[in-house]
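S.K.: These protein sequence lines map, in sequence, to chains A and B. Here numbering that gives the first Met the number 0 is used: position 6 in the first sequence is 5, and no number is missing along the way. Here numbering that gives the first Met the number 0 is used: position 75 in the second sequence is 74, and no number is missing along the way. Where is the CB? At the ideal position from N, CA and C, for every residue including glycine.
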Amino acid sequence: MKKLISLSSIVLLLALVLTACGGGGSSSSGQNVTLRYSIWDTNQAPAMQQIAAEFKKTHPNINVQVQVTPFTEYWTKLETAATGGSAPDIFWMNGPNLIKYASNNVLLPLDDKISADKVDLSNYPPSLVALYTYNGKHYALAKDFDTVALWYNKKLFDAAGLKYPDASWNWNTLRDAARKLTNPSKGVWGIAAQQANQEGYYNTIPQNGGYVISNDKKSSGYDKPATIGGLQFWINLIQDKSSPTLAQMTDTPPISLFESGKVAMLYAGSWNAIEFAHNEYTKDKVDVAVLPQGKQRATVIHGLGNVIFANTPHPQEGWEFVQFLGSKQAADIQAKTGTVIPAYNGSQVDWVKAYPNFHVQVYIDELAYAVPFPISKNTAAWEDVESKVLNQVWAGQMSADKGAKQLAQQMNQILAQEQQSS
Amino acid sequence: MSTTEVKLAAKRGAKVERPRKSHRAVGGDLFWAYLMIAPLMIGLLIFYIWPTFQTFFFSFTKWGYFGTYHLTGLSNYQLLLHDPDLGGALINTLIFTVLSVPASIALSMLVAVLLNQPIRGVGVYRTLYFLPAITMPAAIAMVWRWLYNGDYGLINYVLSLIGIHGPRWVSDPHISLYSLILVGIWGGIGYNMILFLAGLQGIPRTYYEAVSLDGAGPILTFFRITLPMLSPTIFFATVISMIGAFQVFDLVYLMFPAPSLVIDSTQTVVYLFYKNAFLVENKGYAAAIAVLLFMIILGITAIQFQLQKRWVHYV
């Protein structure tokens, strides 16, 4: 049995190697070319395919193959493929990984092509253009942006006789409401205090006046009392028993709990709107409001970019597709299908219109006080420590104060190494 | 060279070399034999043997991003001594092996003996027990995660019917390793059962006829005839299962998605290898872990081959 498996896998691998060698041949424009476009979100695959089909209408010789790899494996697979020289021609990039990929020459700098084809970068929010600029060079055209807002289950609010969340809510309103919504006999919790950075403490930390990483990327903000307060916000909710415990949320992901009516409130990104709109349970029972305010208003903003693999055999065709992905036409497809908030200025209105049942306009309103996603050269190294230490805090094995200070110490060490290596 | 020597050599050559030449020549028997096994051998060389040597080499290197590396001598092995995670991973792997292998062997032997009886629908039962062996680990892990779910899982639901408040099987650090072992045992039964069935059917009927004439009951027959005659199969199954248990990774990776609280109490040596190779980008150190595991498995297998002389009976 095992021999059979290894034998057949060898044959398969040989076949793959041979076809891969055969595929990398010459490519003058005009010849038929297939581009591989790698993404990580299944919810967005239909819109990406639609964009690829639209692109083919004007570029009949270029086929685009959309390949979905789940986020948890995406970076592992991409890095291995890039090392072996077989990365997809075009792929999604995010902020935390940009510097790592750009500084190791995995990405094609786009400046020559941008100026040759007169692409106007002022069509995109400046913060996103800056996110994908490294050492003065542009490596991506901005695809979309996302902010975080408060989703709530109207049915559970009605049952508890509570008013729906609105712009008047602050941290205390939320904590009180969460307590009132919790009903242990029915297995319902007020909120899911998930151990997540983007949908969690990266919002509450700036709301409390704290920060994760200093602007010069040299020191951690986790030992600052304001930052610790941003973590304590979540711990309070767990200690109130208004939220499932970390163990419960490990067994069943918070979003599943929300989508089955077990949790009344959830902090979720704008990219989740499409899922809630299609989910049988949530599509007519939930709505969304701005994040409750702490000492001040804040939300974390992030956005994806489309990049070209530096060693692609088809850089010109790749650029034509990336240019199309960054166009108003592609933005409109993303907006009208409600997929994500497009980065292209002015097309956000259509995204809001795609959700007549949800007040998703709040995601756009939050732009006024959005803070950038914290990154450094090797973001993954301290994100690993961050989630490891905060897991213990969330599980109640360590106080937020002690955990955060320990985290700050380890993060500062990593940042110091990072400074040396650059 | 004297003429006699030449003659002798020619004589020898005539006797020995000529037939060998004809075997080796293009179109000869050996040529065809090598040609036939070439696809397998080339695959083995490229995908198994060459990477093994590479792993040894890489264990003396430090890697940057995207395939750049430089030699660092023994520093990865020094790191092995100071890695706070390694001790735990070794102990977890050892507990997994020590608990899952004997249980899996004993249970699969029991199942094999039962399914070696002439009962109705035996083929169906054999298929059912073998199914886990041909099911994708990802599917197995997903189903077990659902069964194990602390709040909505089937196991805890059944337990609640008889008034037991079930534990958090996969999210309680004190229990998760044992939940993993249960799945390991369950998954190992099918493959070993097939081995034992083959072994059982290789035992000549005459032995059983002889003991039944001597008036031995089923228990005595099992311990005096079946068990000793099955010992080569038991030995083989133990060696294979042990190697498999030391390399357990897929179930850990799939049942305990990182980052989770339980990973420290469930991570195995291969999981640690994966983490260092692909998540924290420390491929040289990961290679050193692989070499360490290779040595451990080599040592334990060698010991098993020594010990087998005392208890394995070859007919």
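Thinking C-alpha only, which one of A:PRO164, A:TRP393, A:TRP350, A:ASN207 is nearest VAL289 (chain A)?
M.R.: Taking the first sequence and counting its residues from 1, one reaches residue 289 (chain A) at position 290. Of the listed residues, the one whose Cα sits closest to VAL289 (chain A) is A:PRO164.
S.K.: Is PHE90 (chain A) helix, strand or coil when you go by DSSP?
M.R.: Along the first sequence, read from residue 1 onward, the residue named residue 90 (chain A) stands at position 91. PHE90 (chain A) falls in the strand class under three-state DSSP.
S.K.: By alpha-carbon positions, which one of A:ILE227, A:ASP111, A:LEU34 ends up nearest to GLY402 (chain A)?
M.R.: Your numbering for residue 402 (chain A) matches position 403 in the first sequence. Answer by Cα proximity: A:ILE227.
S.K.: Is THR3 (chain B) buried or exposed, if buried means 16 or more other CB atoms sit within 10 Å of its CB?
M.R.: Counting from one through the second sequence, the residue named residue 3 (chain B) turns up at place 4. At THR3 (chain B), the pLDDT of 49 sits below 50, so the modelled position is not reliable and the matter cannot be decided from this model.
S.K.: In whole angstroms, give me the CA-to-CA distance for ILE50 (chain A) and ILE332 (chain A).
M.R.: Working through the first sequence from its first residue, we reach residue 50 (chain A) at position 51. Working through the first sequence from its first residue, we reach residue 332 (chain A) at position 333. Roughly 7 Å separates the two Cα atoms.
S.K.: Tell me whether the stretch 29-41 of chain A and the stretch 85-100 of chain A touch, counting them as touching only if at least three CB pairs, one residue from each stretch, are closer than 8 Å.
M.R.: Cβ pair count under 8 Å is three or more, so yes.
S.K.: Please state whether DSSP places LYS352 (chain A) in a helix, a strand or coil.
M.R.: Within the first sequence, residue 352 (chain A) is the residue found at index 353, counting from 1. LYS352 (chain A): helix per DSSP, three-state reduction.
S.K.: Whole angstroms are fine: how far does the CA of ASN93 (chain A) sit from the CA of LEU303 (chain A)?
M.R.: Position 304 of the first sequence holds residue 303 (chain A). Position 94 of the first sequence holds residue 93 (chain A). Each residue's Cα considered, the two are about 5 Å apart.
S.K.: Got a sec? Which residues, its chain only, sit under 6 Å from TRP62 (chain B) by beta carbon, not counting five neighbours each side?
M.R.: Your numbering for residue 62 (chain B) matches position 63 in the second sequence. Cβ neighbours of TRP62 (chain B) beyond the five flanking positions: TYR68, LYS282, GLY283.
S.K.: Can you tell me where the beta strand (DSSP E) holding LEU265 (chain A) begins and where it ends?
M.R.: Within the first sequence, numbered from 1, the residue matching residue 265 (chain A) stands at position 266. From DSSP, the beta strand (DSSP E) with LEU265 (chain A) extends over 262-268.
S.K.: Where do the N-terminal and C-terminal ends of the alpha helix (DSSP H) with ALA315 (chain B) fall, by residue?
M.R.: With chain B covering 0 to 314 only, the question about residue 315 (chain B) has no answer from this structure.
S.K.: With distances taken between CB atoms, is the gap from PHE257 (chain A) to LEU265 (chain A) smaller than 9 Å?
M.R.: Counting from 1 along the first sequence, the entry for residue 257 (chain A) is found at position 258. Counting from 1 along the first sequence, the entry for residue 265 (chain A) is found at position 266. Their beta carbons are under 9 Å apart, which means PHE257 (chain A) touches LEU265 (chain A) by this criterion.
S.K.: Check each candidate in B:LEU292, B:TYR64, B:LEU98 and name the one with the smallest Cα separation from ILE98 (chain A).
M.R.: For the purposes of this step, residue 98 (chain A) is taken as the residue at position 99 of the first sequence. Considering only alpha carbons, the answer is B:TYR64.
S.K.: Note down the Cα distance separating GLY260 (chain A) from ALA380 (chain A), rounded to an integer number of angstroms.
M.R.: Along the first sequence, one-based indexing puts residue 260 (chain A) at 261. Along the first sequence, one-based indexing puts residue 380 (chain A) at 381. Approximately 36 Å between the Cα atoms of the pair.
S.K.: Using a Cβ-Cβ cut-off of 6 Å (strictly less than) and excluding sequence neighbours within five positions of ASN155 (chain B), which residues of its own chain qualify?
M.R.: The residue you call residue 155 (chain B) lines up with position 156 of the second sequence. Around ASN155 (chain B): GLY165.
S.K.: Check this for me: beta carbons of VAL251 (chain B) and THR265 (chain B), under 9 Å apart or not?
M.R.: On the second sequence, residue 251 (chain B) is found 252 positions in, with the first residue counted as 1. On the second sequence, residue 265 (chain B) is found 266 positions in, with the first residue counted as 1. Cβ atoms of VAL251 (chain B) and THR265 (chain B): closer than 9 Å.
S.K.: Of all Cβ atoms in chain A, is any one closer than 9 Å to the Cβ of ASN148 (chain B)?
M.R.: Residue numbering aside, residue 148 (chain B) sits at position 149 when the second sequence is read from its first letter. Judged by the 9 Å Cβ criterion, ASN148 (chain B) is in contact with chain A.
S.K.: Applying a beta-carbon distance threshold of less than 9 Å, which residues of chain A neighbour VAL121 (chain B)?
M.R.: Walking along the second sequence from the start, residue 121 (chain B) turns up at place 122. Those within 9 Å of VAL121 (chain B) in chain A number zero; the least Cβ separation is about 20 Å.
S.K.: Pull the bridge partners of GLY199 (chain A) from the DSSP assignment, please.
M.R.: The residue you call residue 199 (chain A) lines up with position 200 of the first sequence. DSSP, once it has assigned bridges, lists no residue as partnering GLY199 (chain A).
S.K.: Let's see if you can read the secondary structure: which residues bound the alpha helix (DSSP H) around SER240 (chain B)?
M.R.: In the second sequence, counting from the first residue as 1, residue 240 (chain B) sits at position 241. Element bounds for SER240 (chain B): 226-245.
S.K.: Taking 8 Å as the threshold, find out whether the stretch 303-318 of chain A comes into contact with the stretch 150-168 of chain A through three or more Cβ pairs.
M.R.: Output reads no: the stretch 150-168 of chain A does not touch the stretch 303-318 of chain A.
S.K.: Identify the contact partners of LEU245 (chain A) in chain B, using a Cβ-Cβ distance below 7 Å as the criterion.
M.R.: Within the first sequence, residue 245 (chain A) is the residue found at index 246, counting from 1. The answer, in chain order, is LEU260.
S.K.: Could you check what DSSP says for TRP168 (chain A) in three-state terms: helix, strand or coil?
M.R.: Residue 168 (chain A) sits at position 169 when you count from the first residue of the first sequence. Note: TRP168 (chain A) maps to coil in three-state DSSP.
S.K.: For ALA191 (chain A), which of helix, strand or coil comes out of DSSP?
M.R.: Here the question's residue 191 (chain A) lines up with position 192 in the first sequence. Here ALA191 (chain A) sits in coil by DSSP.
S.K.: Which parts of the stretch 233-308 of chain A are runs of the beta strand (DSSP E), unbroken and 3 residues or longer, counting only runs that do not cross its ends?
M.R.: You should have 262-268, 285-288, 298-300, 304-307.
S.K.: For PHE277 (chain B), would you say it is in contact with chain A, using Cβ-to-Cβ distances shorter than 9 Å as the test?
M.R.: On the second sequence, residue 277 (chain B) is found 278 positions in, with the first residue counted as 1. Yes - at least one Cβ of chain A is within 9 Å of the one on PHE277 (chain B).
S.K.: Would you check if the distance between the CB atom of LEU318 (chain B) and the CB atom of ASN390 (chain A) is smaller than 9 Å?
M.R.: Missing from the structure shown is residue 318 (chain B); chain B here goes from 0 to 314 and no further.
S.K.: Distance, Cα to Cα, LYS76 (chain A) vs PHE54 (chain A)?
M.R.: For the purposes of this step, residue 76 (chain A) is identified with residue 77 of the first sequence, where counting begins at 1. For the purposes of this step, residue 54 (chain A) is identified with residue 55 of the first sequence, where counting begins at 1. So the alpha carbons of these two residues sit roughly 27 Å apart.
S.K.: What does the alpha-carbon distance come out to for the pair TYR206 (chain B) and GLN116 (chain B)?
M.R.: For the purposes of this step, residue 206 (chain B) is taken as the residue at position 207 of the second sequence. For the purposes of this step, residue 116 (chain B) is taken as the residue at position 117 of the second sequence. The straight-line gap from Cα to Cα measures roughly 17 Å.
S.K.: Assign THR92 (chain B) to one of two classes, buried (16 or more other C-beta atoms within 10 Å of its C-beta) or exposed (fewer than that).
M.R.: The count along the second sequence starts at 1 and reaches residue 92 (chain B) at position 93. Buried.
S.K.: Name the chain A residues that come within less than 7 Å of TYR151 (chain B), Cβ to Cβ?
M.R.: As a first step, residue 151 (chain B) is located in the second sequence; it is residue number 152 there, counting from the start. By Cβ distance, chain A contributes THR251.
S.K.: For LYS272 (chain A), is the classification buried or exposed, using 16 other Cβ atoms within 10 angstroms of its Cβ as the cut-off for buried?
M.R.: As a first step, residue 272 (chain A) must be located in the first sequence, where it is residue number 273. Residue identity check: residue 272 (chain A) is Ala in the sequence provided, not Lys. ALA272 (chain A) should be labelled buried.
S.K.: Anything in chain A within Cβ reach of ARG167 (chain B), meaning under 7 Å, just list it in chain order.
M.R.: Your numbering for residue 167 (chain B) matches position 168 in the second sequence. Simply ALA246, ASP250.
S.K.: Taking its Cβ as the centre, do 16 or more other Cβ atoms sit within 10 Å of VAL5 (chain B), making it buried, or is it exposed?
M.R.: For this step, residue 5 (chain B) is matched to residue 6 along the second sequence. Its pLDDT being 47, under 50, VAL5 (chain B) is placed unreliably by the model, and nothing is read from it.
S.K.: Could you please tell me which residues of the stretch 44-73 of chain A, in chain order, have their CB closer than 9 Å to any CB of chain B?
M.R.: So the list reads THR71, given in the order they occur along the chain.
S.K.: Applying the 10 Å Cβ sphere with the 16-neighbour rule, what's the burial state of GLY22 (chain A)?
M.R.: In the first sequence, counting from the first residue as 1, residue 22 (chain A) sits at position 23. Unreliable placement is indicated for GLY22 (chain A), whose pLDDT of 40 sits below 50; no coordinate value is reported for it.
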